[in-house]
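If you number the sequence shown the way UniProt numbering does, the last residue is 315 and the count never jumps.
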Amino acid sequence: MDWISPRALKRMGMLNMNRRNVDYIARYNERSSYPLVDNKLKTKLVVAEYGVKTPELLQVVRQQHEISRFREMAQGLAGFAIKPAKGSGGKGITVITGRDGEEYIKASGSRVDSPFLERHLTNILAGLYSLAGTPDVAIVESLVESAPSLAKYSHQGVPDIRIIVFRGYPVMAMLRLATTASDGKANLHQGAVGVGLDIGSGRSLNAVQFNRPITLHPDTGLALENINIEAWDEMLEMASRCYEATGLGYMGVDLVVDANKGPLLLELNARPGLAIQMANGRGLLPRLRAIEGLKRPHFTPRERASHAMESFASL
């Protein structure tokens, strides 16, 4: 069947957009905290104070004249990522994975030169990719080298893990894998694969692409049923710690597993999408209500992560 009745969705505990916006985002997210998560540079600085690791910051470009320093800074680098501080949905992110003489090699395999990257920085400053089209800041970060155990499943892009955190408790998670359709980006709306993850163990549950069930990655051909995420306990605790860092009661936490540095935070999202429910084959509402019904909340990130692992593990 290509459709399911609203009554069936309600029985599954599926959270819809209106309820998410009114009952959770508007109720639990203070507007004053939004600038912390809508700006990647501010996010990096604030979470560092709470012991949450992020990719190394190599350069911040705030003004047009600072672009001239970019070429010198990048001269000795084999790889890096350029991001708009206020971008969303992966827009404006350029990942460089190698060099060949004067050319830079993108994650997709295409080649660009320094003038191309400098024009891209100019576009970022002009606000081409920012949420409201306002002037922006460009940040240049060290290249994330994905752990081989996960990298093999993704196509031309770093796989990441999205965790929904509610009142400091990680309640649902999925692995996002880049595809040809998503142009190497881990964005489900653009065609990336979403793999639901068991909160209790970090193992894969089921997978979807364009909201349809799949069992194999469309590009790598690998089965998606036996994936296990490394350092799962640590990742859940990191996600939980972002609650103290931002004060946001309902958010999406995006993490990666670096081959050398372990789990790293990529970004936070105050308005996380709902496709994670499709990837998990489960609704968010029962878990959110379980947290709301707690009579004795847990006060440390580790305690909250442990409670979530025990409460929301798949049977």
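All C-beta atoms, glycine included, are put in the ideal place defined by N, C-alpha and C.
This one's a predicted model, so the numbers in the text were calculated from it and none came from an experiment.
Cβ distance (whole Å) where residue i is taken to contact residue j below 8 Å
{"i": "Q64", "j": "T134", "result": "The Cβ separation is near 16 Å, so there is no contact."}
{"i": "L57", "j": "M73", "result": "Actually they are not in contact, since the Cβ atoms of L57 and M73 sit about 12 Å apart, beyond 8 Å."}
{"i": "L205", "j": "S314", "result": "6 Å"}
{"i": "A305", "j": "G196", "result": "Contact doesn't hold; Cβ gap of about 18 Å is too wide."}
{"i": "F70", "j": "V171", "result": "With 8 Å as the limit, F70 and V171 do not qualify as a contact, their Cβ atoms being about 40 Å apart."}
{"i": "V253", "j": "L274", "result": "About 16 Å separates the two Cβ atoms, so there is no contact after all."}
{"i": "Y104", "j": "R241", "result": "Y104 to R241, Cβ: 35 Å. No contact."}
{"i": "L15", "j": "D160", "result": "Wrong, their Cβ atoms sit about 21 Å apart, outside the cutoff."}
Run of the alpha helix (DSSP H) containing residue i, from where it starts to where it stops
{"i": "Y250", "result": "No alpha helix (DSSP H) contains Y250, which is instead part of the beta strand (DSSP E) from Y250 to D258."}
{"i": "M309", "result": "P301 to S311"}
{"i": "Y243", "result": "W232 to T246"}
{"i": "I276", "result": "I276 to N280"}
Test item: CB-CB of residue i and residue j under 9 Å
{"i": "L236", "j": "I163", "result": "yes"}
{"i": "Y250", "j": "A223", "result": "no"}
{"i": "V60", "j": "A138", "result": "yes"}
{"i": "I82", "j": "V140", "result": "yes"}
{"i": "I199", "j": "A308", "result": "yes"}
{"i": "G157", "j": "Y129", "result": "no"}
{"i": "P55", "j": "D258", "result": "yes"}
{"i": "K53", "j": "G262", "result": "yes"}
Which residues DSSP lists as bridging residue i, in chain order
{"i": "N226", "result": "Answer by DSSP bridge pairing: none, since N226 is not bridged."}
{"i": "I82", "result": "T94 and V140"}
{"i": "V193", "result": "L177 and Q209"}
Bounding residues of the beta strand (DSSP E) (the contiguous stretch that carries residue i)
{"i": "N269", "result": "G262 to N269"}
{"i": "I163", "result": "D160 to F166"}
{"i": "L58", "result": "L57 to V61"}
{"i": "N206", "result": "S204 to Q209"}
{"i": "Y153", "result": "Neither: Y153 is in no beta strand (DSSP E) and is coded neither H nor E."}
Using 8 Å as the threshold, is the stretch 292-301 in touch with the stretch 207-215, meaning 3 or more CB pairs across them?
By the C-beta criterion, the stretch 292-301 is judged not to be in contact with the stretch 207-215, since fewer than 3 inter-stretch pairs fall below 8 Å.
Are at least three pairs of beta-carbons, each pair with one atom in the stretch 37-47 and one in the stretch 175-195, less than 8 Å apart?
Cβ pair count under 8 Å is below three, so no.
Would you say the stretch 139-153 touches the stretch 276-291, given that touching needs at least three Cβ pairs under 8 Å?
Not touching, per the Cβ criterion.
Any contact between the stretch 21-41 and the stretch 238-252? By contact I mean 3 or more CB pairs, one from each, below 8 Å.
These segments touch.
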